[in-house]
Amino acid sequence: MKKLTSLLCLLALTLIVASPVFAETATRSGKMNREEFRTRLFAIRDEKKKAIVERIDQRIAQINANRTGIMTRHLTKIEEILDRIEARALEVEKTGKEISAVKTAIATARTAIATAKTTVTTQAAKIYTIDITTEDKLGSAASAARTAFAKDLQAAHQTVVTARKSVRDVLKALANVVGEKLTNTVE
Amino acid sequence: MKIKTATLLAISSAFFLSACSYTQPAATTTATPTAAAPTPIVTASPTSASTNVNDLNAQLNATVDDGGQADLNQLQKDATGL
Chain A
179 MKKLTSLLCL LALTLIVASP VFAETATRSG KMNREEFRTR LFAIRDEKKK
229 AIVERIDQRI AQINANRTGI MTRHLTKIEE ILDRIEARAL EVEKTGKEIS
279 AVKTAIATAR TAIATAKTTV TTQAAKIYTI DITTEDKLGS AASAARTAFA
329 KDLQAAHQTV VTARKSVRDV LKALANVVGE KLTNTVE
Chain B
-16 MKIKTATLLA ISSAFFLSAC SYTQPAATTT ATPTAAAPTP IVTASPTSAS
34 TNVNDLNAQL NATVDDGGQA DLNQLQKDAT GL
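So the sequences go chain by chain: A and B.
Quick note on numbering: the first sequence equals residues 179 to 365 in my numbering.
Quick note on numbering: the second sequence equals residues -16 to 65 in my numbering.
So this is what it looks like as C-alpha cells:
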C-alpha cells in the first residue's frame, strides 16, 4: 500500500514538473524549443551576430505582445460601439421604422468580432523561434522567423480591420434608416 | 594579566550593552504644508455614451492603426548585419 502511494506521489510530481514543458511544446512554432535555441545562441562565436539574433528574438516577442494587446483593446472598443449602435437601432425600431437590414448587419458584425477575438488570442500565444543551424545561415533563419511572424501578425490585424468594417456597415445601415449621413470615415 | 583581561572584557561588554540599549531619538518630522488637493476636473466626454451616428463613426476611426507595420519595418532593419 505504501509502495503504491509513493508511486502515485512520484507520478503526480512528474506531471507537475513536466506540464510547463508540454505547454511550451504545444505553443512553439519553430523547429527548436526555447532551450535548444538558448544553447545554440550561446554557441555563436560572432558576438555581434549573437547580439542581433538575441535582440530579434526578444523584439518579436515584445511586438507580438504589444500588438495583440492593442488589437484586443480595439476589439473591445469596436464591440462597445456595436452595442450602442444596436441600442440606438432598437430605439428607432420602436418608432415604427424598418431595421431588418441593420439587424442582419449586426449579426454579421458579431461573427466578425468573435472571429477576430479568437485569431488575436491565438496570435498572442504564439512563440517564434529563430532556427539556428550554422552561423552563415543566421540571416536566412532570422528572416524566416521575422517573415512568419509578420505574416501572422498582419493576418490577425486584418481580422480586426474586417470586424471594424462590419461595424461600420451596421452604422451605415442605421444612418440610412434614420436619414443621417456619415462623414469623415477613415479606413 | 587575568585582571587586565577581565577589565577589558567588562569595558567592552559595557560598551556593547549600552550600544544595544541605545534608542535612536524619535525623528522629528515637520509636516510640510501640503497644497490643497486640486478639485477634480470632471471632463464629460460627449461622445463616449453618444448614439449619434457620426460620434460613433469618429470612435470607430479612433481604433484604426497601421497594425504594427512600423514595428515590423524596424525589425527588418535590426536584422541587417547577420
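For glycine and all other residues, C-beta sits at the position ideal for the given N, C-alpha and C.
Item checked: chain B within 8 angstroms of Val219(A), Cβ atoms only -> A quick correction: the sequence has Leu, not Val, at residue 219(A). No - not a single Cβ of chain B is within 8 angstroms of the one on Leu219(A).
Next item on the list: Note down the Cα distance separating Val298(A) from Asn211(A), rounded to an integer number of angstroms.
Entry: Val298(A) and Asn211(A): Cα-Cα distance of roughly 23 angstroms.
Notebook entry, point to check: Since Leu260(A) and Val338(A) are thought to touch, with beta carbons under 8 angstroms apart, how far apart are those beta carbons, to the nearest angstrom?
Noted result: The pair is not a contact, with the Cβ atoms about 13 angstroms apart (cut-off 8 angstroms).
Check: Are the beta-carbon atoms belonging to Arg324(A) and Ala62(B) less than 8 angstroms from one another?
Finding: Yes, they are a contact pair.
Next item on the list: Find out if the Cβ-Cβ distance for the pair Leu39(B), Lys227(A) is shorter than 8 angstroms.
Entry: Result no, Cβ atoms of Leu39(B) and Lys227(A) do not sit closer than 8 angstroms.
Note to self: Can you list, in chain order, the residues of its chain with a C-beta nearer than 6 angstroms to that of Ala294(A)? Leave out the 5 residues immediately preceding and following it.
What the structure shows: Same-chain partners within the cutoff: Leu253, Thr337, Val338, Ala341.
Next item on the list: Could you please give the first and the last residue of the uninterrupted alpha helix (DSSP H) stretch that includes Thr331(A)?
Entry: A small correction: the amino acid at residue 331(A) is Leu; Thr does not occupy that position in the sequence shown. Taken as a continuous stretch (DSSP letters only), the alpha helix (DSSP H) holding Leu331(A) covers 316 to 356.
Item checked: Buried versus exposed call for Ser28(B) [16 or more other C-beta atoms within 10 Å across all chains shown] -> Caution applies to Ser28(B), whose pLDDT of 43 falls short of 50 and renders its modelled position unreliable; the value that the coordinates give is listed next. Residue burial is scored here from C-beta neighbours: Ser28(B) has fewer than 16 other C-beta atoms within 10 angstroms and is therefore classed as exposed.
Checklist line | Residues of the stretch 315 to 345 of chain A whose Cβ lies closer than 7 angstroms to any Cβ of chain B, in chain order | finding: Under the 7 angstroms Cβ criterion, the stretch 315 to 345 of chain A contributes Leu316, Gly317, Ala320, Ser321, Arg324, Ala328, Leu331, Gln332, His335, Arg342, Val345.
Margin query: Can you check which of these residues, Arg223(A), Arg245(A), Asp314(A), is closest to Glu334(A) by C-alpha distance?
Written below: The sequence shown places Ala at residue 334(A), rather than the Glu named in the question. Checking every option, the nearest Cα to that of Ala334(A) belongs to Arg245(A).
Next item on the list: Note down the Cα distance separating Arg262(A) from Leu331(A), rounded to an integer number of angstroms.
Entry: Cα-Cα distance, rounded: 29 angstroms.
Next item on the list: Starting from the Cα of Ile284(A), find the closest Cα among Ser321(A), Ala322(A), Ala267(A) and give me that residue.
Entry: Ranking Ser321(A), Ala322(A), Ala267(A) by CA distance to the CA of Ile284(A) puts Ala267(A) first.
Notebook entry, point to check: Rounded to a whole number of angstroms, what is the C-alpha to C-alpha distance between Ile234(A) and Arg251(A)?
Noted result: Distance between the alpha carbons of Ile234(A) and Arg251(A): 25 angstroms.
Margin query: Run through chain B and tell me which residues come within less than 9 angstroms of Lys295(A), C-beta to C-beta.
Written below: Going along chain B, no residue has its Cβ under 9 angstroms from Lys295(A), so there is no contact; the nearest lies around 14 angstroms.
Next item on the list: Determine the contact status of Ile277(A) and Val355(A), defining contact as a CB-CB distance below 8 angstroms.
Entry: For Ile277(A) and Val355(A), yes; Cβs fall inside 8 angstroms.
Item checked: Ile310(A) in three-state terms, based on DSSP -> In the structure shown, the three-state DSSP call for Ile310(A) is coil.
Next item on the list: Identify each residue in the stretch 213 to 239 of chain A for which the Cβ-Cβ distance to at least one residue of chain B is less than 8 angstroms, and report them in chain order.
Entry: The residues in question are Lys226, Lys227, Ile230, Val231, Arg233, Ile234, Arg237, Ile238.
Note to self: Quick check: the Cα distance between Val270(A) and Leu352(A), rounded to an integer number of angstroms?
What the structure shows: Val270(A) and Leu352(A): Cα-Cα distance of roughly 9 angstroms.
Notebook entry, point to check: Which ranges would you report for the beta strand (DSSP E) in the stretch 210 to 287 of chain A if only whole runs of at least 3 residues count?
Noted result: Runs found: none.
Note to self: Strictly under 8 angstroms for the Cβ-Cβ distance: is Glu257(A) near chain B by that measure?
What the structure shows: Taking Cβ atoms only, chain B never reaches closer than 8 angstroms to Glu257(A), which makes this a no.
Next item on the list: Keeping to the same chain, check which residues put their C-beta closer than 8 angstroms to that of Arg288(A); ignore five residues upstream and five downstream.
Entry: Residues of the same chain with a CB within less than 8 angstroms of the CB of Arg288(A), apart from the 5 flanking positions on each side, are Leu260 in chain order.
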